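Worksheet: the structure to be examined is printed underneath.
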Amino acid sequence: MKLNERSLAFYATCDSPADNAGFLYKRGERHTAYHRRWFVLKGNMLFYFEERESREPVGVIVLEGCTVELCDSAEEFAFAIRFGGTKSRTYVLAAESQAAMESWVKSLSRASFDYMRLVVRELEKQLEEMRWGPAGGCGGCRQLPGSWKPKPSGPERSPERLPALPAVLPKENGCAVWNNVPGADRPPDTSTCGRYDGEEHPRPPPLPPRRRASSSEAGSAESPSTFCRLHERYGQEVARLRQDWLERRRGPQP
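Reading the sequence shown from the start, the letters are residues 1 to 254 in the UniProt record's numbering.
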């Protein structure tokens, strides 16, 4: 990987927030003496400066493919950044306190993209479990969002076995006649329970018999003369009652 020194210097000193920053003691590569440096951690890059007010970093450590662990050293609160490979360099650093060492070890261990990738995978797994629940009972299978169907609580009922109703119900005198539905006049089957048929389908309650008007009632209802006679009779009775009420209101005449 090629790094541009000017871009790295700008990134190290820009106003972007740092993941961690502070003084650490860094052991030299050739000489084992420790030098106090100002370290700034941004993403997976660990910059170090000679002084806190320095405008350019002295060096940078790319925290990929490395491990951060405690180590034995002449300095107290020391830890090491080790890279894989026989010719890779090991950086030995030391903090000024136990709390600072723990903070730096935690920050550096979480700085690599490999760690972030593991975190993202774990979060995706937790999100998947929250959506669909833990896989169980079906060998780890998971249904697609569009293939889920509610499971019926009772026994399965096939819609093809139910009696089909006519599209337009027959009418008589402007009213729907439910007894004309095919199969309504069929005698009840007394061999099974009255509430269910032979296939355990609920049977609708029996309909009351339709009242047939007699010939005399039909003739009287359709005859206009009968209505006129009734109107005249009740009209005379109302007039007589009104006359009696008026006479009682006037009182006895002298």
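Where a beta carbon is used, it is the ideal one built from N, C-alpha and C, also for glycine. These figures come from a predicted structure and were not determined experimentally.
Collapsed DSSP secondary structure at residue i in the structure displayed
i: cysteine 228; result: helix
i: valine 58; result: coil
i: alanine 33; result: coil
i: alanine 12; result: helix
i: leucine 108; result: helix
i: alanine 100; result: helix
i: alanine 78; result: strand
i: lysine 125; result: helix
i: glycine 22; result: strand
i: alanine 94; result: strand
i: glutamate 5; result: helix
i: glutamate 69; result: strand
i: leucine 46; result: strand
i: leucine 41; result: strand
i: arginine 89; result: coil
Cβ-Cβ distance between residue i and residue j below 8 Å
i: glutamate 75; j: alanine 94; result: yes
i: arginine 108; j: leucine 41; result: For clarity, residue 108 is leucine in the given sequence; the question names arginine instead. Yes.
i: phenylalanine 47; j: alanine 80; result: no
i: serine 112; j: asparagine 44; result: yes
i: glutamate 69; j: arginine 82; result: yes
i: glutamate 5; j: arginine 89; result: no
Residue i beta carbon near the ligand GDP (any heavy atom closer than 7 Å)
i: arginine 82; result: In terms of ligand content, the structure shown is empty, and the ligand GDP therefore cannot be addressed.
Of the listed residues the options, nearest to residue i (C-alpha basis)
i: cysteine 71; options: Glu102, Glu56 and Thr86; result: Glu102
i: alanine 21; options: Phe49, Asn4, Phe10 and Arg6; result: Phe49
Buried or exposed by the 16-neighbour rule on C-beta atoms within 10 Å, applied to residue i
i: cysteine 14; result: exposed
i: valine 92; result: buried
i: proline 57; result: buried
i: tryptophan 104; result: buried
i: residue 313; result: Given that the chain is displayed from residue 1 to residue 254, the structure contains no residue 313 and the question cannot be resolved.
i: cysteine 228; result: exposed
Cβ shell of residue i (< 7 Å), same chain only, five flanking positions each side left out
i: serine 73; result: Val92 and Ala94
Spatial neighbours of residue i in its chain, beta-carbon cut-off 6 Å, leaving aside the 5 residues before and after
i: arginine 52; result: Trp38
i: lysine 26; result: His35, Arg37 and Leu93
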